[in-house]
Amino acid sequence: MAIKLYNTLTQKKEVFQPIEEGKVRMYVCGPTVYNYIHIGNARPAIVFDVVRRYLEYREYDVHYVSNFTDVDDKLIRAANELGDEVPNVAERFIAAYHEDTGALGVKKADEHPRVTENMQEIIDFITALIEKNYAYESEGDVYFRTRQFEGYGKLSHQSIDELKLGSRIVVGEKKEDPLDFTLWKAAKEGEISWVSPWGEGRPGWHIECSAMAKKYLGDTIDIHAGGKDLAFPHHENEVAQTEALTGHPFANYWLHNGYININNEKMSKSLGNFVLVHDLIKQHDPEAIRFFMLSVHYRNPINFDHELLASAKTGLDRIKDTVENLEHRLINSADLAENVLEWKEKIEGYQNRFVNEMDDDFNTANAISILFELSKEANLYLQETNSSKEVLEKFLEQFADFGSVLGISFKREKALLDEDVDQLIEERNEARKQRNFSRADEIRDELKEQGILLEDTPQGVRWKRM
RNA sequence: GGCGGCAUAGCCAAGUGGUAAGGCACGGGUCUGCAAAACCCUUACGCCCCGGUUCAAAUCCGGGUGCCGCCUCCA
């Protein structure tokens with residue numbers, strides 16, 4: 189069976205055909221690191237992590253690149269507000285990004301290139317575009333001559349003349365045409381800058397991805413992915429830049445994930461209605477957050493809500509209970525049962541269905557429903573008086589197999605021994621006595637993460653497992 | 001104004017021609033001294049509305065209604 193994926197470029201599901209047999213070159217637009225990421229930022233990180241895992245599961249050798257935008261207007265503003273330097277702010281939030289996405293089960297990319305580490309490639313790219321007459325310098329800025337690129341609009345399916353009508357750019361025009369976009373931006377007094385043939389400045393937002401994708405993955409890549417809102421103008425501009433330069437298609441498949449909404453409205457940093465992953469993972473099981481995200485098809489919107497997250501957690505816990513029960517049963521199982529082959533075949537049937545669903549444009553929602561069916565099947569098996577070690581192991585293998593694709597371990601972390609809990613509670617009481625509340629809260633959070641809920645009562649501390 | 005998406009049970013959500021997956025919640029049951037937990041079962045005569053095509057439509061076509069997004073930094 190072939191993998192099919194929905195390609196924004198053609199607006200159709202297509203059979204995936206890599207450039208090079210068995211290999212996948214994949215580029216996913218990463219964040220601008222001026223703040224902690226919100227859960228909207230986390231969605232592409234998670235869903236394309238699953239795409240990557242699945243391609244690897246199907247035995248492709250995946251070269252996965254995801255960038256950090258570590259210099260731009262927002263970073264400069266953030267640095268000013270924090271009274272810090274741009275590189276420090278970037279460094280701090282890159283670390284936070286890895287921490288937050290790591291908590292959500294996202295594997296690191298093979299490369300995480302940064303703009304500031306690829307300045308020469310970017311300058312060379314722009315220089316070549318100027319030489320080819322696709323770009324021009326104007327008072328220290330460099331702009332892309334949008335109308336010069338014939339296919340402009342082919343990714344976002346916009347006509348260039350309609351775009352012009354919608355254009356709201358009016359004042360301070362250094363451009364030949366309002367549609368032209370910035371490749372290089374002259375530095376203002378005191379701003380972080382790099383030396384270039386056009387004077388001191390920094391790259392525009394779109395050029396970095398073109399330059400870095402080219403450097404790390406080549407002229408034509410297999411999959412380029414990102415949030416839906418990047419399709420225009422960001423990805424459209426990337427296509428224009430790269431194809432103008434190389435004359436080859438930039439990416440064969442363009443994947444775009446849907447938004448996360450709050451009260452049915454788009455979440456964004458600019459609207460101010462965002463939920464930071466950094467905060468959310470303190471309130472909710474990170475695996476449940478991931479599970480929740482994957483329970484909806486990646487192209488559809490998700491309306492974020494704490495209650496929905498809680499019900500996702502309940503569902504995930506049921507699967508974990510099944511796995512726990514299987515393991516428990518394994519301890520004293522003998523090979524008494526018959527029908528071993530029959531059961532193994534049955535379990536393999538679930539795997540086939542799982543693969544079929546994932547093949548169909550990474551339908552994780554359906555893949556998860558198969559997981560629940562497998563869970564029910566396992567529960568039924570556990571009710572039989574005689575169980576076979578082989579079958580139990582096969583069930584467990586199958587859960588681990590699905591888990592490796594979804595990036596969720598269905599094994600529950602080892603619960604703390606009660607003595608350890610008591611000891612931590614004691615330590616917290618001491619901390620509270622000494623008014624070291626931050627340490628006290630830290631312990632409480634730590635215990636909460638392990639599923640232990642503390643309640644301070646007049647009679648002392650009471651705790652229970654969640 | 002241009003382009004795109006969505007509308008399925010109380011809630012969430014798959015399903016793009018063959019007679020409505022799955023989850024959460026509710027209800028019933030098994031287990032239990034009781035409870036909790038766990039497990040099992042049940043839950044949409046119908047998929048926004050009106051027409052049409054077809055042996056067959058949630059799925060295709062036409063026309064409505066409502067919601068959302070992109071066209072401006074944004075995952």
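Following this note's numbering, the residues of the first sequence are numbered contiguously, the last one being 654.
Every residue, glycine too, gets a C-beta built ideally from N, C-alpha and C.
If you reduce the DSSP assignment to three classes, tell me which class residue i lands in.
i: Phe625; result: helix
i: Thr198; result: coil
i: Met138; result: What the structure shows of the chain is the stretch from 189 to 654, and residue 138 is not part of that stretch, so it cannot be assessed.
i: Val253; result: strand
i: Asn449; result: strand
i: Val203; result: strand
i: Asn440; result: strand
i: Glu269; result: helix
i: Pro391; result: strand
i: Leu292; result: coil
i: Leu464; result: strand
i: Glu319; result: helix
i: Thr573; result: coil
i: Glu299; result: strand
i: Leu418; result: helix
i: Leu612; result: helix
i: Leu459; result: coil
Please list the terminal residues of the continuous alpha helix (DSSP H) segment that includes residue i.
i: Tyr242; result: Ile227 to Tyr245
i: Glu325; result: Premise fails: Glu325 lies in the beta strand (DSSP E), Ala323 to Ser326, not in any alpha helix (DSSP H).
i: Thr147; result: No answer is possible for residue 147: the residues shown for the chain start at 189 and end at 654.
Going along the chain, which residues of its own chain have a beta-carbon closer than 6 Å to the beta-carbon of residue i, five neighbours each way excluded?
i: Tyr340; result: Thr334, Ile348 and Ala428
i: Asp407; result: Thr434 and His436
i: Tyr222; result: Lys262, Leu263 and Ala266
i: Lys211; result: Asp249
i: Glu208; result: none
i: Ile357; result: In this prediction, Ile357 scores a pLDDT of 49, lower than 50, which makes its location untrustworthy; the coordinate-derived value is nonetheless stated afterwards. Hits under 6 Å: Pro366.
Identify, in the order they occur along the chain, each residue of the same chain with its Cβ nearer than 7 Å to the Cβ of residue i, setting aside the five sequence neighbours on each side.
i: Leu343; result: Thr196, Leu197, Ala419, His423, Glu424, Val427 and Trp442
i: Lys416; result: His444, Asn445, Gly446 and Tyr447
i: Phe590; result: Phe542 and Leu559
i: Glu273; result: Ala267
i: Ala476; result: Leu497, Ala500, Lys501 and Leu504
i: Asn554; result: Glu545
Going by C-alpha distance, which of the options is nearest residue i?
i: Glu244; options: Gly595, Glu614, Arg616 and Asn617; result: Gly595
i: Asp509; options: Leu584, Asn440, Glu618 and Val463; result: Leu584
i: Asn551; options: Leu580, Gly503, Val221 and Leu482; result: Leu482
i: Leu371; options: Asp410, Thr430, Ala413 and His345; result: Thr430
i: Leu405; options: Pro219, Tyr486, Ala297 and Arg600; result: Ala297
i: Thr337; options: Ala323, Val330 and His345; result: In the sequence on display, residue 337 carries Phe and not Thr. Nearest of Ala323, Val330 and His345 to Phe337, Cα basis: Ala323.
i: Pro421; options: Gly389, Glu515, Phe332 and Asn452; result: Phe332
i: Asp473; options: Ser499, Arg487, Phe204 and Glu572; result: Ser499
i: Tyr215; options: Asp608, Gln346, Asp365 and Ala399; result: Ala399
i: Glu299; options: Val383, Glu533, Leu529 and Ser254; result: Ser254
i: Tyr486; options: Ala190, Ala230 and Glu614; result: Ala230
Return the chain-ordered list of same chain residues with a C-beta closer than 8 Å to the C-beta of residue i, the five sequence neighbours on each side being excluded.
i: Val359; result: With a pLDDT of 45 at Val359, under the threshold of 50, the modelled position of that residue is not reliable, and no figure is offered here.
i: Asp633; result: Lys470
i: Leu351; result: Gly341 and Leu367
i: Val463; result: His226, Ile227, Ile450, Met455 and Phe492
i: Glu379; result: Ile264 and Arg390
i: Thr315; result: Pro385
i: Arg517; result: Leu570, Ser575 and Leu580
Can you tell me where the beta strand (DSSP E) with residue i in it begins and where it stops?
i: Asp410; result: Ile409 to Gly415
i: Arg600; result: Counting along the chain, Arg600 falls outside any beta strand (DSSP E), and DSSP gives it neither H nor E.
As an exercise, report each continuous alpha helix (DSSP H) stretch of at least 4 residues that is fully enclosed by the region 330 to 379, in chain order. 348 to 354
Please give the ranges of any alpha helix (DSSP H) in the region 478 to 562, keeping only runs that are unbroken, at least 4 residues long and fully inside the region. For the region 478 to 562, whole alpha helix (DSSP H) runs of length 4 or above, ordered along the chain, are 494 to 519 and 528 to 547.
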